[in-house]
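Take the sequence shown: its letter number 256 is residue 281 in my numbering, and every next letter is one higher. In this text, a Cβ means the ideal position worked out from N, Cα and C, and glycines have one as well. Owing to the predicted nature of the structure, the values given are computational and were not obtained by experimental measurement.
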Amino acid sequence: MKIITCIAPVNIATIKYWGKRDTELILPLNDSISVTLSTDQMHSKTTVAIDPDFKSDRMWLNGKEQSVDNPRFAQCLKEIRRRVQDKHGDIADWKFHICSENNFPTAAGLASSAAGYACLVYALAKVSGISEVRDVSLVARRGSGSACRSVWGGFVRWQAGVRPDGADSLAEQLYPAEHWPPVRVLVLVVSDSKKKIGSTSGMQESVKTSKLLAHRVERVLPDRIANMIEAIGRKDFATFADLTMQDSNQFHAVCLDTYPPIVYMNEVSHAIVDFVHKYNQLANQVKVAYTFDAGPNACLFVLEPDVADVIAHLRHLFPPTEHSAANYVRGIPVVQ
Ligand code: 2P0
């Protein structure tokens, strides 16, 4: 028996992926850019065992056995086995037993599928003797698009690619985390319940009905992607923050432009947006940036010297309730 355990962190997109040009191969309409959190924070942990005596593939998620017929999961196994066949044909028929867990709410718009599939595919690859990160990113994309970004740390770009077979649609690291050490992410959990509309179906509705999405992809993103890469390169926090907030806002505008509209942010999310703009205005400088994914939870980008002050303001504006733990702001745990 061979056994291996891996950890993969979540990634937070600063330029959002929303819309596919190929739903089967999970090929996006646009490039996206993300920041991967450190492994000691929100992450997935997966243990994979491979053994010639295992009778079938089996999978447990957060302690509960899952069907292995899920098409995306099955696709990842198939893609790994195809590569194993090419390199280590002797173990290509061995079955996998997989045990996975998240240390944060699953499916609450906190990028659980990104960390989950990145971790699953990395562990499958490692236990099977496949070492190329390129392969891991390509296969993780078949599990969940954003997962292809979580195989890298630091600042990451997912190239949409142009090939119909998707062979050039994978993530690359723009810069390692050490490039810009003071960048911090505060995750404000506004709600940990399962999101109403999943990203996969939501983005397909947007592709079908939103003219704003077409405009965004063709007219807005090429420059915004280039500007974001430059801002990260020169560690220009104000530009990085402005572009991040503008892109989050445009993503949610696309959701509202989808028909029927998709609403992910709630009243607390909007209160956080107001807070960030007021904070920056009073500081006369852009010190905090928000970004929201397919749910009401906020991720704030802040530089290390400002973290304590931002948290103090959050606690003041969203005071802890009697039921919440000391580090909760109105039921919002602040994860640094
Ligand atoms: C992102 N999101 O770039 C964007 C921002 C949600 C909002 O990637 O269908 O779960 O599995 O490829 O990867 C969520 O999309 O969708 C996502 P699939 P996925 O982080």
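Check your understanding: Cβ of residue 76 within 6 angstroms of any heavy atom in the ligand 2P0?
Key -> In the sequence shown, counting from the first residue as 1, residue 76 sits at position 51. At a cut-off of 6 angstroms, the beta-carbon of residue 76 does not count as near the ligand 2P0: no heavy atom of the ligand is closer than that.
Check your understanding: Based on Cα-Cα distance, which residue from 166, 228, 29 lies nearest to residue 125?
Key -> On the sequence shown, position 100 is the one that residue 125 refers to. Ranked by how close their Cα comes to the Cα of residue 125, the residues 166, 228, 29 have 29 in first place.
Check your understanding: Going straight from the alpha carbon of residue 143 to that of residue 50, what length do you get?
Key -> On the sequence shown, residue 143 is found 118 positions in, with the first residue counted as 1. On the sequence shown, residue 50 is found 25 positions in, with the first residue counted as 1. Distance between the alpha carbons of residue 143 and residue 50: 16 angstroms.
**Study point:** Straight-line gap, residue 94 to residue 179 (C-alpha atoms, nearest Å)
**Key:** Sequence index remark: in the sequence shown, residue 94 carries index 69 (1-based). Sequence index remark: in the sequence shown, residue 179 carries index 154 (1-based). One C-alpha to the other measures close to 33 angstroms.
Check your understanding: When DSSP labels each residue in this structure, what does residue 34 get in the three-state scheme?
Key -> Position 9 of the sequence shown holds residue 34. In the structure shown, residue 34 adopts extended strand secondary structure according to DSSP, grouped into three states.
Check your understanding: chain D beta carbons: is any one of them nearer than 7 angstroms to that of residue 221?
Key -> No chain D appears in this structure, which consists of one protein chain only.
Review point. Which two residues bound the contiguous alpha helix (DSSP H) that contains residue 221?
Key: Start at 1 with the first residue of the sequence shown, and residue 221 comes out as number 196. Neither: residue 221 is in no alpha helix (DSSP H) and is coded neither H nor E.
Review point. Who are the Cβ neighbours of residue 252 in its own chain at under 8 angstroms, not counting the five residues just before and after it?
Key: Within the sequence shown, the letter at position 227 stands for residue 252. Same-chain partners within the cutoff: 264, 268.
Review point. If residue 82 sits next to residue 120, beta carbons under 8 angstroms apart, how far is it from one beta carbon to the other, in whole angstroms?
Key: Reading the sequence shown from its first residue, position 57 is the one you call residue 82. Reading the sequence shown from its first residue, position 95 is the one you call residue 120. Separation of the CB atoms of residue 82 and residue 120 is rounded to 5 angstroms, and the pair is thereby assigned contact status at 8 angstroms.
Review point. Counting along the chain, where does the beta strand (DSSP E) carrying residue 68 start and finish?
Key: By 1-based counting over the sequence shown, the position of residue 68 is 43. 68 to 76 is the span of the beta strand (DSSP E), which, as asked, contains residue 68.
Point to revise | Backbone CA spacing between residue 273 and residue 91 [nearest angstrom] | key: Taking the sequence shown and counting its residues from 1, one reaches residue 273 at position 248. Taking the sequence shown and counting its residues from 1, one reaches residue 91 at position 66. CA-to-CA, the gap between residue 273 and residue 91 works out to about 33 angstroms.
Exercise for review: May I ask you to check if the CB of residue 51 is nearer than 6 angstroms to at least one heavy atom of the ligand 2P0?
Suggested key: For this step, residue 51 is matched to residue 26 along the sequence shown. For the ligand 2P0, at least one heavy atom lies less than 6 angstroms from the Cβ of residue 51.
Check your understanding: How about the stretch 172 to 186 and the stretch 60 to 73: do they share at least three Cβ pairs that are nearer than 8 angstroms?
Key -> Yes, since at least three Cβ pairs between the stretch 172 to 186 and the stretch 60 to 73 fall closer than 8 angstroms, the two stretches touch.
Review point. Mind checking whether the beta-carbon of residue 169 lies closer than 6 angstroms to any heavy atom of the ligand 2P0?
Key: Walking along the sequence shown from the start, residue 169 turns up at place 144. At least one heavy atom of the ligand 2P0 is nearer than 6 angstroms to the Cβ of residue 169, so yes.
Review point. If you pair each beta-carbon of the stretch 208 to 224 with each one of the stretch 318 to 329, do three or more pairs fall below 8 angstroms?
Key: With a cut-off of 8 angstroms, the stretch 318 to 329 and the stretch 208 to 224 count as touching, because enough Cβ pairs lie within range.
**Study point:** Which of helix, strand or coil DSSP assigns to residue 278
**Key:** Residue numbering aside, residue 278 sits at position 253 when the sequence shown is read from its first letter. Three-state DSSP puts residue 278 in a helix.
Check your understanding: Thinking C-beta only, is residue 187 closer than 7 angstroms to residue 176?
Key -> Looking up residue 176 in the sequence shown gives position 151. Looking up residue 187 in the sequence shown gives position 162. Between residue 176 and residue 187, the CB-CB gap reaches or exceeds 7 angstroms.
Check your understanding: When the Cα atoms are used, what is the spatial distance from residue 235 to residue 54?
Key -> On the sequence shown, residue 235 is found 210 positions in, with the first residue counted as 1. On the sequence shown, residue 54 is found 29 positions in, with the first residue counted as 1. Taking the straight line from one Cα to the other gives about 13 angstroms.
Exercise for review: Look at residue 228 and residue 114 and say whether their C-beta atoms are less than 7 angstroms apart.
Suggested key: Sequence index remark: in the sequence shown, residue 228 carries index 203 (1-based). Sequence index remark: in the sequence shown, residue 114 carries index 89 (1-based). Residue 228 is not a Cβ neighbour of residue 114, given a cutoff of 7 angstroms.
Point to revise | residue 27 CB to nearest heavy atom of the ligand 2P0 below 6 angstroms | key: As a working mapping, residue 27 is identified with position 2 in the sequence shown. Relative to the ligand 2P0, the beta carbon of residue 27 is positioned no closer than 6 angstroms to any heavy atom.
Exercise for review: Using only the heavy atoms of the ligand 2P0, determine whether one of them is closer than 6 angstroms to the beta carbon of residue 47.
Suggested key: Your numbering for residue 47 matches position 22 in the sequence shown. Taking 6 angstroms as the cut-off, the C-beta of residue 47 does not count as close to any heavy atom of the ligand 2P0.
**Study point:** Whole runs of the beta strand (DSSP E) within the stretch 293 to 321, excluding any shorter than 3 residues
**Key:** As far as the stretch 293 to 321 is concerned, its whole beta strand (DSSP E) runs of at least 3 residues are 313 to 317.
Practice item. Classify residue 342 as helix, strand or coil using the three-state DSSP reduction. Key: Residue numbering aside, residue 342 sits at position 317 when the sequence shown is read from its first letter. Three-state DSSP puts residue 342 in a helix.
**Study point:** the stretch 30 to 39 in contact with the stretch 236 to 245 per 3-pair CB rule at 8 angstroms
**Key:** Contact between the stretch 30 to 39 and the stretch 236 to 245 is absent, because fewer than three Cβ pairs lie under 8 angstroms.
Point to revise | Three-state secondary structure assigned by DSSP to residue 179 | key: Along the sequence shown, one-based indexing puts residue 179 at 154. It is a strand residue.
Review point. Under three-state DSSP, which class holds residue 240?
Key: On the sequence shown, position 215 is the one that residue 240 refers to. DSSP places residue 240 within a helical segment (H, G or I) once states are collapsed to three.
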